[in-house]
Structure formats: structure tokens, C-alpha cells
Ligand SMILES: Cc1cc2nc3c(=O)[nH]c(=O)nc-3n(C[C@H](O)[C@H](O)[C@H](O)COP(=O)(O)OP(=O)(O)OC[C@H]3O[C@@H](n4cnc5c(N)ncnc54)[C@H](O)[C@@H]3O)c2cc1C
Ligand code: FES
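Residue numbers (this note's numbering): 3 to 615.
Right, here's the structure in full:
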């Protein structure tokens, strides 16, 4: 079907039964249109994205186009009235179907317990910083052992990466085992599998024992290849499964209209509703005498009389025997340089309703752009989760394009009725792809960290919590060596260290020199752009009411230049993945301080009084 034209609206208003969409320059049947007013039935317009008008199905009432014929260079008005009678109409909009705001399905109808901020100095046995799957599972296990546990959460519990996950619980982590055998050897690769398998079994047992209603369901997990080249990678991965005694079988079909060359199944994995499961664990922490504090940001750790003291932003102290750093990116790095040893990678997810039932199973493509599939239940209705489009944070160009690519995939593979949710999130990958779980730095056995789960934190985060329990209780854990944060596996780590830090250096060098011609007045409503103000590089976002918010674009972590993320309306840092709201507030670290309004440079990060360096 040939579209009549593509509309890039910059203003939408609703009157009675109609939406009035004013659009920017576009092409209408070969005529160059400067401005246009499209009046359509109310509700059809759902987003400030371009959408395509096709000559059938949905009825239009009126289109007024102000045209500029390039040849005659003259403006004229073209009014198409009663277009319905003339047969001009519109399909459901491709891009207009995406929900306006990013919102994960998991928080829908959830009654997540709320906690007050910490307002006094306290003592405790173990302080856990961060209330995602790692922190809450650790707190649950240790409180159950009779220890006095305190959880500090900077925002609301379960609103970090865990609240934005896909929640497959599996030890099938993409193509990994063949690579691990090559890089760290067969026994370490086997230990990685065992730690994740144990975590899966633990979640299953906890759901059964505590009778947690969280839609836990056993599912087979599949990797699939769509090219011959990646088919051979799957076959090598299958050989690695055999060497490591991991159950799996090869196939060459999927129950979808996707042309596949090879599949690899790992049987009896699982999926669940992560927030239903974890909010129950949070309640158990309270029941077992634990303390939970929200809106309490940990900013530093020091030592006194053999104890560790966590300092919070509101100048409270928590004195403890052990500190568990479960803040996703470690809020405290000590001298361990985690920033230089990890990178953040973002992915996108759509929650869609389909005409036909989902056949079951959890799927992940091994080709790029990657695709991930599973289903979930909400209000008795099936929602298919379509994920993918990974890219390094802050390096994804126009992030809405990633949602549109998933929408196109969804349209090709399923008959989609509706796109109910869209959201995105990021996770951290280490140099050798194994998480960092254990002592913050060699010999610091009272401060334990867990990070770098490479988008497999349902099991890796749970495995970290099980290991923390053993270490705090003075027991041995078989996984200390494989996850040790101070390991340095020379072959992959050295190369990746140079690549990652070369990438950071590139972004640092680019710095302030890259000043565009664009000015704040060129930023339309709903847009965020890098602009020039008095010759200085700034970030400007104009909200739907026309108010302009300007921030300095130098990240307050080390000093790379942030980029606009149009999908989430945030400023994202390409170096270590810090994210800031359009006003500059920190959404995700490692940065601790907001983007500045005044001119700020990389040097200010190191020299200002409160720089923290
Ligand atoms: C798109 C996407 C899909 C994924 N899908 C899967 C999947 O299907 N299966 C799977 O196994 N894994 C998946 N993952 C990975 C998994 O979701 C994460 O690895 C996991 O949720 C990380 O949990 P966490 O507890 O370490 O971090 P988080 O959930 O981010 O929790 C950290 C918490 O610490 C808090 N915090 C941060 N700094 C401070 C501070 N200074 N003081 C106090 N609190 C602080 C944060 O506010 C946050 O609440 C996915 C990841 C992404 C991005
Ligand atoms: S997150 Fe490190 S420089 Fe921005």
C-alpha cells in the first residue's frame, strides 16, 4: 500500500470528537507541504511521532495543506474537504501506536510497600545498599538467618533495572559458554552455569515455600539463528553445552513466522512477574526484623574500629559489620576503578496484545539486531514482550527509532492488536562478560559488591545474594574465584579494557569542542537537542507547554558529553551510562551530582570542592 504521506506533527489538540494535528514539512502526493492541519477522529492520534496516512480504512474529515511547489516557489493552500466522500482515509498509524510514555508492565496495579527515609544514625549487622533483585534477595536471606539487616534505597524499591527487566529466569545467557570455555577454561565456565542453575532452583523453591503468587512458570529457553554464519555459532555453543554437561538440543524451527537456520533449546527454565516475587521478599525482610529506608542515597563508605560506616546524602551514618553494594553500578568504587572495567548497554521492550495466542517458550536471537520474546499475563490477558535493539548507552542516535524497529518486527511476526507498553533499561557488562561479585577490592572482605550481570541479573543477582549469605556467615562459597572482582583474565580483559577505555577517551576528547549551529529557539516542543548558547555547548529540552530547560552537557561523573535520549526524555552519558532527567537530576549513576546549569567542564569534576575526587 502506497502511503499518501507521512506526518511529522508538532502540535496536537483535541476538540470535541476530533484531534487537530498540525504538521511540519512533508510530502503529499509529490507536493512539498510546508504546514498542514489534519483533523481526525479523536483517539486515533496517540503520540507525537510521525505517522503514515494511507488511502484506506480510517476516515478523515478535513485536511488543509499549505503547500510550497518547489518549481514555482509559491505558497498556496490546498483544502481537501469531505475527504471521506472522496475516499481518502488513513490506516492505523504505524508509529502512532506506541504509547506516549515509557512505562514497564510490571508496575501496573502493583501495591509495592513504601518506606520512609532514614532520619537518624543507626547501627546494624549488615547494610544493603540498593533494593533491586540483588539487594532484596540478600536482605531476605540474611534477615532469615537472624541478622539485623538494613536496606538503603536511593529512590523507590524495585524501580531500578529490576523494575524494567524482561524477567526470564534462565542459565541460557545468549552465546556464552563456548566463549567462556575459550577465555576462562572449562571448570570456571561450568561454575558459572552451576551458580545460575542454583539461582533458578532457589527462586523456584522460594516461590513454592513462601507461596508467592508471581506467575512463576517453567518454560523452555531457545536461542535462534537466522543466518548460516550464526547457525555455526549455535552449533559451537551446543558443543560447549555437551562439554559442560548442560542439557540442550538443536533444532531448526520456531513456532513463529521467522526464518531460522538453527535453534538451541535449554529445557525447564522459567519466567515470572519480578515485582510480585520481590515485593513479597521485601515484606519478609520487615517481618524478620529488617529495616527498609527509601529516598536514602548512600554516598560514601569509611572504616572505624573494624566496622564499616555508610554515609548518606542527608548526612546520616549507618555503622555495620558488612556493607553489601547492590546499587547496580557500585555507588562506591574505592580504588577498584569499576568505571574503567564495565560499560552500560541499553535495550528496549514493547508489551503487545496479539490476535493469536502466544505458543509458549522464551526466545533470543543471536543475530543483530537482537530480538527477545516471552509472554506475560495481566488482568487475565496475554501480553507478548518483544525486546531487543541493544546499544551502548548514550550512543543510540534517535532512541525512538529502536521502539519503531521492534514495532516493525512485532508487525511482521505477530498480528498485533495493540501496543500496551513500551520501556527501556540498561545493564552493565564487564570486560570478560562474567559478573563482579565479591570483595570490593583485594582484602576488603567487609564490603562486598555485585554488578555486571550483562542483562542476566534474575539469576546472577540471585546467585550474588546466595554467595553474600555464605560470605557474611563465614562459610565457603565455590564461586568466589569465578566471580572475583579483582580477577583479570588477560586475554579478553586486556583487549576489552583497551577498547572500552579508548571509547571513553574518544568521548572525552570530543568534549566541548563539538558545538552545533543550533540555537535554543530551534528546539521544538517535546524535543531535546544539543544547542549553542554564547558559543557554549548546552543541552536544551522544550516541554509540551513550551518551557525550555537548559543543562550543561558535561557529565558530572568523569566529564564525557551526554546525548539526548528521545524515547525516555533523558540525557544519557556514552561513557559509563549515567542518566539524567531533562532538568539534569541523576536518574542512574555512577554520576552522583546533577548536570549543572552553569558552564561546567571536565576539570570542574576534579577540582570543585564537592567533586568527591
Ligand atoms: C532491558 C533489559 C532486559 C533484561 N531482561 C532480563 C531477563 O530476561 N533475565 C535476566 O536474568 N536479566 C535480565 N535483565 C538484567 C536484570 O534485569 C538486571 O541485571 C537486574 O535487574 C539488576 O538488578 P540489581 O539489583 O543489581 O540492580 P537494580 O535493580 O538496578 O537495583 C539497584 C538499586 O540500587 C539503587 N541505588 C543506586 N545507587 C544507590 C545509592 N547510592 N544509594 C542507595 N540506593 C542506590 C537504585 O535506585 C536501584 O533501585 C535485563 C536487563 C535489561 C536492561
Ligand atoms: S558516566 Fe562516566 S563520564 Fe558520564
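Just so it is clear, CB atoms sit at the ideal spot from N, CA and C, and this is done for glycine as well.
The criterion of a C-beta distance shorter than 9 Å is satisfied by residue 276 and residue 460. Burial check for residue 570: the Cβ neighbour count within 10 Å reaches 16 or more, so the residue is buried. Where residue 143 is concerned, there is no enclosing beta strand (DSSP E), although the alpha helix (DSSP H) around it starts and stops at 135-146.
Within the stretch 364-447, the complete alpha helix (DSSP H) segments at least 4 residues long are 402-415, listed from N- to C-terminus. The count of Cβ pairs closer than 8 Å, one atom from the stretch 557-577 and one from the stretch 388-397, reaches three, so the stretches are in contact. By the Cβ criterion, the stretch 254-265 is not in contact with the stretch 114-132, since fewer than three pairs of Cβ atoms, one from each stretch, lie closer than 8 Å. By the CB criterion at 9 Å, residue 196 and residue 481 fall inside the cutoff.
The C-beta of residue 475 has fewer than 16 other C-beta atoms within 10 Å across all chains shown, which makes the residue exposed.
Distances from the alpha-carbon of residue 339 to those of 278, 357, 438 and 112 put 438 closest. In the DSSP assignment, residue 254 falls outside any alpha helix (DSSP H), carrying neither H nor E. Counting the other Cβ atoms within 10 Å of the Cβ of residue 251 gives fewer than 16, which makes it exposed.
Here residue 454 is buried. Its C-beta has 16 or more other C-beta atoms within 10 Å.
Checking the 8 Å criterion, the Cβ of residue 407 is out of range of every heavy atom belonging to ligand 1.
Any heavy atom of ligand 2 counts here; residues with a Cβ closer than 5 Å to one of them, in chain order, are 557, 559, 560, 562, 575, 577, 578 and 580.
Secondary structure within the stretch 314-359: the beta strand (DSSP E) runs of 3 or more consecutive residues, fully enclosed, are 319-327 and 344-356 (chain order).
By the Cβ test, the stretch 416-424 is not in contact with the stretch 227-238, since fewer than three Cβ pairs between them sit closer than 8 Å. Taken through DSSP and simplified to helix, strand or coil, residue 463 comes out as helix. Fewer than three beta-carbon pairs drawn from the stretch 556-563 and the stretch 520-528 are found closer than 8 Å, and the two stretches are therefore not classed as touching.
The alpha-carbon of residue 462 is positioned some 15 Å away from that of residue 326.
For residue 546 against residue 527, the beta-carbon gap comes to about 5 Å, under 8 Å, which counts as contact.
Less than 9 Å separates the beta-carbon of residue 347 from that of residue 431. Its Cα nearest to that of residue 376, the residue 218 stands out among 218, 550 and 140.
Counting only residues of its own chain and dropping the five nearest sequence neighbours on each side, residue 154 has a CB closer than 6 Å to the CB of 131, 295, 298 and 300. By the Cβ rule, the stretch 219-228 counts as touching the stretch 349-369, because three or more pairs are nearer than 8 Å.
Here the stretch 137-148 does not lie against the stretch 168-178, with fewer than 3 beta-carbon pairs under 8 Å apart. Cβ atoms of residue 391 and residue 371 come within 8 Å of each other, at about 6 Å.
For residue 324, the Cβ stays outside the 8 Å cut-off from all heavy atoms of ligand 1.
If you draw a 10 Å sphere on the C-beta of residue 580, you find 16 or more other C-beta atoms in it, and that means buried.
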